[in-house]
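Enquirer:
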Amino acid sequence: MEYDIGNKVIVVTGAGRGLGRALALGLAREGARVAVLTSDKDEADETNSALRSITDSEHVLTLCVDVSDEDQVREAAHAVDQRWGQIDGLVNNAAVMPAMTPVVDLDVEVFRRVIDVNLIGCFLTTKHFAPVMIRGGGGRIVYISSMIGVQANPGQTAYGASKAGVTLLSNVVHRELADEGIRTVALAPGLTDTPGMRAIASDDYIARVAATYPGGRIGHAEDIVAFVAFLCSNAAQHLSGTLLPIRPVTG
């Protein structure tokens, strides 16, 4: 089995902080060449500095990109192609998670923004990065979905709908592009300790969820990094078009 991802070119969206940054750093530690996409320049600079402390500058490309803007995504795909001439993996992680709000109180503009970034962003990156991957013989697309897209959570209408869409998008892309060498997987983490989650969830809510998990803790970013590194390796070539929950079984 070949678990090595050394020198593979892997694009990570939403890599400015939290899970996205952990993914970029974890993949770089395993020897991958990493293209970081994030919409915030300061966060891009911070991630870039962190990456350059653990890998050669030739293995890092940092781009400020709003994944909901097709022109910016198209230019980013061209930039990665120009830099390395290949793309072996795409990790669709970019997402926004608004505060929990009852559906009758949810502002439509908040709903639209969540769909734009979380779902349309995945569509646009797939549309523009997949052709480069196909030209090189194929590759892996990982869609970071969520258990909230599988099991409805009150107060998270927009986020849950967007992640359910991401899961189905992964399956459709598998069915369309499998013969072109594109393998897809949607990962559905349970509650995971990231700055974004901490910004909207109370300590009491986190403690209540953790108490339902064997071991008594919620997920950590590193739990997901390990899955993504495996999926981007050649050892996972037969795994495609499926949804993988990343949380302990409860009940």
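Mapped onto full-length UniProt numbering, the consecutive letters of the sequence shown carry residue numbers 1 to 251. Note that beta-carbon positions come from the ideal geometry of N, C-alpha and C, so glycine has one too.
Name the one or two DSSP bridge partners that residue 143 has.
Expert: Within the sequence shown, residue 143 is the residue found at index 143, counting from 1. Beta-bridge pairing links residue 143 to 92, 186.
Enquirer: When the distance is taken between beta carbons, is residue 185 closer than 9 angstroms to residue 27?
Expert: One-based indexing of the sequence shown puts residue 27 at position 27. One-based indexing of the sequence shown puts residue 185 at position 185. It is not a contact, given that the beta carbons lie outside the stated cut-off.
Enquirer: Run the CB neighbour count on residue 238, radius 10 Å, all protein chains shown included, and call it buried at 16 or more, exposed below.
Expert: Translated into positions along the sequence shown, residue 238 becomes position 238. Residue 238 comes out exposed.
Enquirer: Buried or exposed: residue 30, going by 16 or more other Cβ atoms within 10 Å of its Cβ?
Expert: Along the sequence shown, read from residue 1 onward, the residue named residue 30 stands at position 30. Classification of residue 30: buried, given that the 10 Å Cβ count is 16 or more.
Enquirer: Flag this pair as yes or no: are the beta carbons of residue 90 and residue 11 separated by less than 9 angstroms?
Expert: Reading the sequence shown from its first residue, position 90 is the one you call residue 90. Reading the sequence shown from its first residue, position 11 is the one you call residue 11. Cβ distance < 9 angstroms, so residue 90 and residue 11 count as in contact.
Enquirer: Nearest by alpha-carbon distance to residue 13: which of 44, 108, 157, 179 is it?
Expert: Here residue 13 refers to the residue found at position 13 of the sequence shown. Measuring from the Cα of residue 13, the nearest candidate turns out to be 44.
Enquirer: Here's the rule I'm using: 16 or more other beta-carbon atoms within 10 Å means buried, otherwise exposed. How should residue 240 be labelled?
Expert: Along the sequence shown, read from residue 1 onward, the residue named residue 240 stands at position 240. Residue 240 should be labelled buried.
Enquirer: Starting from residue 120 and walking both ways along the beta strand (DSSP E), at which residues does that stretch end?
Expert: Locating residue 120 in the sequence shown gives position 120, where the first residue counts as 1. Looking at the DSSP string, residue 120 is not in any beta strand (DSSP E), and its letter there is neither H nor E.
Enquirer: Going by DSSP in three states, residue 9 sits in which element: helix, strand or coil?
Expert: In the sequence shown, residue 9 corresponds to position 9, counting from 1. Strand, per DSSP.
Enquirer: Among the candidates 84, 54, 171, 61, whose CA atom is the shortest distance from the CA of residue 126?
Expert: Indexing the sequence shown from 1 puts residue 126 at position 126. The shortest Cα separation from residue 126 among 84, 54, 171, 61 belongs to 171.
Enquirer: Spatial neighbours of residue 72 within its chain, please: C-beta separation below 6 angstroms, excluding the five flanking residues on both sides.
Expert: Position 72 of the sequence shown, counted from the start, is the residue given in the question as residue 72. Excluding residues within five positions, the ones whose Cβ falls inside 6 angstroms are 65, 66.
Enquirer: Where residue 189 and residue 164 are concerned, what is the direct C-alpha to C-alpha distance, given to the nearest angstrom?
Expert: Translated into the one-based positions of the sequence shown, residue 189 becomes position 189. Translated into the one-based positions of the sequence shown, residue 164 becomes position 164. Between residue 189 and residue 164, the C-alpha separation is close to 13 angstroms.
Enquirer: On the three-state DSSP scale, how would you describe residue 131?
Expert: Locating residue 131 in the sequence shown gives position 131, where the first residue counts as 1. If DSSP states are grouped into helix, strand and coil, residue 131 belongs with the helices.
Enquirer: Compute the beta-carbon to beta-carbon distance between residue 85 and residue 139, rounded to the nearest angstrom, for a pair I have assumed lies under 8 angstroms.
Expert: Along the sequence shown, one-based indexing puts residue 85 at 85. Along the sequence shown, one-based indexing puts residue 139 at 139. Incorrect: roughly 13 angstroms between the Cβ atoms, too far for contact.
Enquirer: Grouping DSSP H, G and I as helix and E and B as strand, with all else coil, what is residue 231?
Expert: Here residue 231 corresponds to residue number 231 of the sequence shown, with the count starting at 1. Helix.
Enquirer: Give the secondary structure of residue 251 by DSSP, where H, G and I count as helix, E and B as strand, and everything else as coil.
Expert: Position 251 of the sequence shown, counted from the start, is the residue given in the question as residue 251. Here residue 251 scores only 47 on pLDDT, less than 50, and its place in the model should not be relied on; the value that follows carries that caveat. Of the three classes helix, strand and coil, the one that applies to residue 251 here is coil, per DSSP.
Enquirer: So, with DSSP's three-state summary, where would you put residue 17?
Expert: Here residue 17 refers to the residue found at position 17 when the sequence shown is read from its first residue. Correct three-state label for residue 17: coil.
Enquirer: What do you reckon, are the CB atoms on residue 47 and residue 79 nearer than 9 angstroms?
Expert: Counting from 1 along the sequence shown, the entry for residue 47 is found at position 47. Counting from 1 along the sequence shown, the entry for residue 79 is found at position 79. The answer is no: Cβ separation not under 9 angstroms.
Enquirer: Is there contact here, the segment 153 to 169 with the segment 98 to 113, by at least three beta-carbon pairs under 8 angstroms?
Expert: The answer is yes - the segment 98 to 113 touches the segment 153 to 169, with three or more Cβ pairs under 8 angstroms.
Enquirer: With residue 55 as the anchor, note down where its beta strand (DSSP E) starts and where it stops.
Expert: Your numbering for residue 55 matches position 55 in the sequence shown. Counting along the chain, residue 55 falls outside any beta strand (DSSP E), and DSSP gives it neither H nor E.
Enquirer: Which residues bound the alpha helix (DSSP H) around residue 73?
Expert: The count along the sequence shown starts at 1 and reaches residue 73 at position 73. Where residue 73 is concerned, the enclosing alpha helix (DSSP H) stretches over 70 to 84.
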